[in-house]
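The structure appears right after this line, and notes come after that.
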Amino acid sequence: MRKYPFKKIEKKWQEIWQKNNFSLWQAKDLAKQKKIYILDMFPYPSGDGLHVGHVEGYTATDILSRFYRMNGYNVLHPMGFDAFGLPAENFAIKKKKNPIDFVPKNIERFRKQLKSLGLSYDWQRELSTTDPSYYKWTQYIFLKMYERGLVYEKSAPINFCPSCQTGLADEEVIGGKCERCGTATEIRNLKQWHIRITAYAERLLEDLDELDWPENVKEMQRNWIGKSVGYEVLFMVDGFEERIAIFTTRLDTIYGVTFIVLSPANELALKISHPNYLLNVERYVQEERKKEKAGIYDKEISGVFTGSYAINPLNQKKIPIWVSNYVLATYGTGAIMGVPAHDERDFNFAKKFDLEVIRVVVPTEGVQNFEEIFIEDGVVINSDEFSGLSSEEAREKIGEKLSSLGLARKVVNYRLRDWIFSRQRYWGEPIPLIRCPRCGIVPLKEKDLPLVLPRVKYYKPSGTGESPLKNISKWVKTRCPKCKGEAERETQTMPQWAGSCWYYIGYLLKSKKLRNWDKRLLQYWLPVDVYVGGVEHAVLHLLYARFWHKFLYDIKMVPTKEPFVKLVNQGLILGPDGQKMSKSRGNVINPDDVIKEYGADTLRIYEMFMGPLEDSKPWSIESIKGVFRFLNRVWALAGQVKKNKIRKNKDQEILAEVRVKLNELIYETTEGIKNLKFNVVIAKMMSFENFLRNFLSKNSNLNIVDEFLIFIRLLFPFAPHISQEIFSLLGGKSLLDLEKWPEYDKELLVRKTFNYVVQVNGKKRGVIVSEKENLTENEVKELVSEQTFYKKYIKGKKVVKIVFVRGKVINFVIGE
RNA sequence: GCCCGGGUGGCGGAAUUGGUAGACGCUGCAGACUUAAAAUCUGCUUCCCCUUCGCAGGGAGUGUGGGUUCGAGUCCCACCCCGGGCACCA
Numbered sequence: 013m014r015k016y017p018f019k020k021i022e023k024k025w026q027e028i029w030q031k032n033n034f035s036l037w038q039a040k041d042l043a044k045q046k047k048i049y050i051l052d053m054f055p056y057p058s059g060d061g062l063h064v065g066h067v068e069g070y071t072a073t074d075i076l077s078r079f080y081r082m083n084g085y086n087v088l089h090p091m092g093f094d095a096f097g098l099p100a101e102n103f104a105i106k107k108k109k110n111p112i113d114f115v116p117k118n119i120e121r122f123r124k125q126l127k128s129l130g131l132s133y134d135w136q137r138e139l140s141t142t143d144p145s146y147y148k149w150t151q152y153i154f155l156k157m158y159e160r161g162l163v164y165e166k167s168a169p170i171n172f173c174p175s176c177q178t179g180l181a182d183e184e185v186i187g188g189k190c191e192r193c194g195t196a197t198e199i200r201n202l203k204q205w206h207i208r209i210t211a212y213a214e215r216l217l218e219d220l221d222e223l224d225w226p227e228n229v230k231e232m233q234r235n236w237i238g239k240s241v242g243y244e245v246l247f248m249v250d251g252f253e254e255r256i257a258i259f260t261t262r263l264d265t266i267y268g269v270t271f272i273v274l275s276p277a278n279e280l281a282l283k284i285s286h287p288n289y290l291l292n293v294e295r296y297v298q299e300e301r302k303k304e305k306a307g308i309y310d311k312e313i314s315g316v317f318t319g320s321y322a323i324n325p326l327n328q329k330k331i332p333i334w335v336s337n338y339v340l341a342t343y344g345t346g347a348i349m350g351v352p353a354h355d356e357r358d359f360n361f362a363k364k365f366d367l368e369v370i371r372v373v374v375p376t377e378g379v380q381n382f383e384e385i386f387i388e389d390g391v392v393i394n395s396d397e398f399s400g401l402s403s404e405e406a407r408e409k410i411g412e413k414l415s416s417l418g419l420a421r422k423v424v425n426y427r428l429r430d431w432i433f434s435r436q437r438y439w440g441e442p443i444p445l446i447r448c449p450r451c452g453i454v455p456l457k458e459k460d461l462p463l464v465l466p467r468v469k470y471y472k473p474s475g476t477g478e479s480p481l482k483n484i485s486k487w488v489k490t491r492c493p494k495c496k497g498e499a500e501r502e503t504q505t506m507p508q509w510a511g512s513c514w515y516y517i518g519y520l521l522k523s524k525k526l527r528n529w530d531k532r533l534l535q536y537w538l539p540v541d542v543y544v545g546g547v548e549h550a551v552l553h554l555l556y557a558r559f560w561h562k563f564l565y566d567i568k569m570v571p572t573k574e575p576f577v578k579l580v581n582q583g584l585i586l587g588p589d590g591q592k593m594s595k596s597r598g599n600v601i602n603p604d605d606v607i608k609e610y611g612a613d614t615l616r617i618y619e620m621f622m623g624p625l626e627d628s629k630p631w632s633i634e635s636i637k638g639v640f641r642f643l644n645r646v647w648a649l650a651g652q653v654k655k656n657k658i659r660k661n662k663d664q665e666i667l668a669e670v671r672v673k674l675n676e677l678i679y680e681t682t683e684g685i686k687n688l689k690f691n692v693v694i695a696k697m698m699s700f701e702n703f704l705r706n707f708l709s710k711n712s713n714l715n716i717v718d719e720f721l722i723f724i725r726l727l728f729p730f731a732p733h734i735s736q737e738i739f740s741l742l743g744g745k746s747l748l749d750l751e752k753w754p755e756y757d758k759e760l761l762v763r764k765t766f767n768y769v770v771q772v773n774g775k776k777r778g779v780i781v782s783e784k785e786n787l788t789e790n791e792v793k794e795l796v797s798e799q800t801f802y803k804k805y806i807k808g809k810k811v812v813k814i815v816f817v818r819g820k821v822i823n824f825v826i827g828e
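So the number in our numbering is just where the residue sits in the first sequence, counting from 1, plus 12.
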């Protein structure tokens, strides 16, 4: 295969760009120009290095950044490293090295790889979440939350990963497995720091509507927050003082209640059991609680009768109270009303234990199909004065009645739970709190930040539920900021996600070495205009970051309600076998290898050419060669163009064709980049190269340097190295980054010839080509009558109707 | 089960948003160059039929079935399949 000297070219220009510490791509704080903030999701610098998925997103934002720079924007395009947390720590443990030594090496490797791709970052703003000058602010924001009562410590059954030896947030458990290592998680009762994200549930939900995000991500967040509006209803227990509160969204079915079910974790279960049944209930409850602790999920429904009865507040009917594992302790009140006719789970339970089924809602219209259960809204029956109402009206009316009796209240429930924020691990931001035997929990003073993570010998998780930091008594022992007496530091650390909650702001402070939280800079740069990254963070990073941002907004530390206006998810790049890339499958494509074989420019263009940015698509070791050939042809063409550089064109007219085509390309490229349709733009450039090559072979002594260099400018954001090299080869003096983006001439875009598709009964039968724009119907008819296909399809037939669309199509409708 | 996406040649994918389906790339085939191969260049490449082999003609075709329309890959209804997310959330 022919190879243009990409190694030499790429090395040469990367070195030139590196000069002056990459000042070429430096964003100018507070400049008068229009700003645009283009952000990538920063990587975890794992030991594996960059993968092709990173390259995809990072190339896309690089194209945008270079494009907007050439269009006169003040572009902020920074990069950093999310280096705290489990991936780095687990890798360090595996390699038996201290993360404190190891992580900087990983970062160095990532940085090198990013630079080898020619990505135009503002490297002076580079940050790492592990840098004390950075996590000083992570700790600072945490303390602000503490100050506002958003941080609390609570002992609760939480998710625990036995392999990572740490507690996890709900968001980190995917399908019952640890998000990082894939081990099945357990439930453990641990005392943990929580952050009250639930206080922001409503706003996190509402403000989604304003965001230019992919619909599926918004939907995932909506589902995760899981708002449901319903009623909490009190049921008396016959013969007991206690009352049972249940939560329901289907108050319209309350006449259909035939039993009450308590979660095994509900304290009432033992209190309201009939003495004859108590032993049985106790045994069941203990067993179920044990199972829950061990993280065992029973798919099989089980349950026991308590021997007691509740009283339906509306019709005073006595209904049995059960305890069952299908009722969650953590949602609503840990108790439900069982309506087997209108809820599938209740129905299954009733069937298993042979409980009564009463139907109180029927379909609104049509056939009253007598299926056993009907879960939709409909018309209420068998419900006293509420019969005949629609489900919606019934909910309202019944709610009113019960509320006036003090037996119900309208309640909004969220599925979202508070964020478990402490980790029993070493490699994270220390939580800046002190446990004082006299004063209780005392926060560190702001001036004492950062609280630096100490170097330890043994950083492996202890497995006791204690952080490794616990063993460093020197560090743990401290003085209480309040009473100055002896006290101990909190030894747990923050989760992986803490540092990434605000890093897009970190880049803005970077220019002052993170010393100041300069609101003018935030006012200028925020919000992020385009944010590109993988969809895997939909309910993790993206939810947490929105939460922190809203908090910062509330305490007037940021000027906007939302951090990221527009979000783009790049699709997954699959292995050549169409499967997800993984080491165990052996289908991983390493970007370093590709760069070695074809160069960074080919890699960049190929990844953009594979298909739409958002789609997942398989790697093809054949297709990338096509892209490489394209760049080789551009290179060869440049050589040819150079030969004619000194010639004077006798006939300017002949170039008109090139200019029209070029003008079109400028238009298509400009619009295509704005709309992130990179794959289409590249196809157009390939077509243009094809055209130009043919053109030049017919007009071999024409000087087209000027035209060619416009093409090179268009190519530049995609393939910066080869473009820059050709530019200077053909006499360009400056760096292309400083050049203006070519403008297109709207006049020239107007087509010279116009096609009229001629249809007969909607079928294409011919095309009329005219040089006249906007032919009238009669003119087109005239032209059609001269065509051979006219005789064949139209002449002598009865034309019922003619549909004529100006500039596009004429359709003859022929009758029988 | 529920909620989002999406089904277009041998493959990855285009299609001005209702107006010439298959751009561009890959693969394959043929040719040129070459002692030869590689590389490169040129042409063909949705399927089927007819053919006087002409740069000719006809038909079908965008997951399936129906509908709206002069005209549907694009809009509507039903179904099938694939991918992703959530999953005892009452």
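All C-beta atoms, glycine included, are put in the ideal place defined by N, C-alpha and C.
A Cβ-Cβ contact shorter than 8 Å links W439 with Y471. According to the DSSP assignment, R491 belongs to no alpha helix (DSSP H) but to the beta strand (DSSP E) extending over K489 to R491. Straight across, the Cα-Cα distance linking K109 with I199 is about 30 Å. The region 715-779 contains, as complete alpha helix (DSSP H) runs of 4+ residues, the segments 717-727, 732-741 and 758-761 (chain order).
Cβ contact annotation for I348 (same chain, cutoff 6 Å, sequence separation greater than five): I258, V273 and V339, in chain order. Bounds of any beta strand (DSSP E) do not take in H561; it lies within the alpha helix (DSSP H) bounded by H553 to D566. DSSP places F114 outside any beta strand (DSSP E); the residue lies instead in the alpha helix (DSSP H), whose first and last residues are P111 to S128. Cβ neighbours of M593 within its own chain (closer than 6 Å, five residues either side excluded): G587, N599 and V600. Take F386, set aside five residues on each side of it, and the residues of its chain with a beta-carbon closer than 8 Å to its own are A353, H354, R371, V373, V374 and P375, in chain order.
Shown here, S628 sits in coil according to DSSP, grouped into three states, outside any helix or strand.
Boundaries around H206 are those of the beta strand (DSSP E), E198 to I207, since no alpha helix (DSSP H) includes it. Counting only runs of 3 or more residues that sit fully inside the region 150-221, the beta strand (DSSP E) segments are 163-173, 178-180 and 198-207, in chain order. Sorting A695, N715, F707 and P754 by C-alpha distance to the C-alpha of I724 places P754 at the top. Rounded to whole angstroms, the Cβ separation of Q204 and K166 is 7 Å, and the two are in contact under 8 Å. Straight-line spacing of the CA atoms in V87 and E609 works out to 32 Å.
Here D264 really is in contact with V392; their C-beta atoms are around 6 Å apart, less than 8 Å.
In the DSSP assignment, I333 falls within the unbroken beta strand (DSSP E) covering K330 to S336. Setting aside the 5 residues that flank it on each side, N278 is surrounded in the same chain by A341, G346 and A347, each with a C-beta closer than 7 Å to its C-beta; the list follows chain order. Looking at the backbone, the Cα of M82 and that of Q45 are separated by about 13 Å. Within its own chain, the residues whose Cβ lies closer than 8 Å to the Cβ of L761, once the five positions on either side in sequence are excluded, are N675, E676 and Y679, listed in chain order. Restricted to the region 24-66, the beta strand (DSSP E) segments that are unbroken, complete and at least 3 residues in length are 47-52, listed in chain order. Bridge pairing for R447: I453 and E500 [DSSP]. V646 is classed as buried because its beta carbon has at least 16 other beta carbons within 10 Å across all chains shown. Rounded to whole angstroms, L747 and Q30 show a C-alpha spacing of 13 Å. In this structure, the CA atom of P493 is about 51 Å from the CA atom of V249. DSSP places D589 outside both helix and strand once states are collapsed to three, so it counts as coil. About 4 Å separates the Cβ atoms of V815 and N823, confirming a contact at the 8 Å cut-off. Rounded to whole angstroms, F361 and V269 show a C-alpha spacing of 13 Å.
If you check the CB distance, V577 and L223 come in under 8 Å. Boundaries around F824 are those of the beta strand (DSSP E), V821 to I826, since no alpha helix (DSSP H) includes it. Of all C-beta pairs linking the region 440-451 to the region 495-506, three or more are shorter than 8 Å, placing the two stretches in contact.
Judged by DSSP secondary structure, F259 falls within the beta strand (DSSP E) whose first and last residues are R255 to T260. Here P287 is exposed: its Cβ has fewer than 16 other Cβ atoms, across all protein chains shown, within 10 Å. Only exposed fits E159, as fewer than 16 other CB atoms lie within 10 angstroms of its CB. I517 and K283 have their C-alpha atoms roughly 52 Å apart.
Annotation for L463: no beta strand (DSSP E) segment contains it, and DSSP assigns it neither H nor E.
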